[in-house]
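Data first, discussion second: the structure below is written as structure tokens.
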Amino acid sequence: MTKLLCNIYKSRRKEGTYLYVSLQDDLKRVPELLLETFGRPELVTKLIISEDRKLAQAEAPKVLDAIATKGFYLQLPPPEEKLGLDLDVFCKRDKDE
């Protein structure tokens, strides 16, 4: 089973954005342009990730594969959920009834 000790950084510019990198390489393999966009990384935690590890917003095998091939895994915030509620429609309907 593949296991990797990782550093996990959060972006100070974009809430909910995290960067996973191996402890060994740290930020060395992350493209400079990505680091500029990400902002100064703030270390959140160190974590041993294995293929069967449960992660809150990512799938461990995808994280491990991305770190092995690209040197990092970028976790973006989940899309905002839109309920499709248009309050004007509800207000108009209430007036008509």
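Position one of the sequence shown corresponds to residue 242 (this note's numbering), numbered consecutively onward.
In this text, a Cβ means the ideal position worked out from N, Cα and C, and glycines have one as well.
Predicted model only: the values in this text are computed from it and were never measured.
Need the endpoints of the beta strand (DSSP E) that residue i sits in, please.
| i | result |
| --- | --- |
| GLU277 | No beta strand (DSSP E) contains GLU277, which is instead part of the alpha helix (DSSP H) from 273 to 279. |
| LEU268 | Counting along the chain, LEU268 falls outside any beta strand (DSSP E), and DSSP gives it neither H nor E. |
| LYS287 | 283 to 291 |
| SER263 | 259 to 263 |
| LEU315 | 314 to 316 |
Can the beta-carbon of residue i be found less than 9 Å from the beta-carbon of residue j?
| i | j | result |
| --- | --- | --- |
| ALA307 | SER291 | no |
| PRO272 | LYS251 | no |
| LYS303 | PHE279 | no |
Assuming the contact rule is C-beta atoms closer than 8 Å, residue i and residue j should be a hit. Round their C-beta distance to whole Å, please.
| i | j | result |
| --- | --- | --- |
| PHE313 | LEU260 | 6 Å |
| CYS247 | LYS311 | Not quite, the Cβ-Cβ distance comes to about 14 Å (not below 8 Å), so this is no contact. |
Look up residue i in the DSSP assignment and say whether it is helix, strand or coil.
| i | result |
| --- | --- |
| LYS303 | helix |
| LYS255 | coil |
State yes or no: is the C-beta of residue i nearer than 8 Å to some heavy atom of the ligand ADP?
| i | result |
| --- | --- |
| LEU246 | As presented, the structure is devoid of all ligands, the ligand ADP included, so that no description of it is given. |
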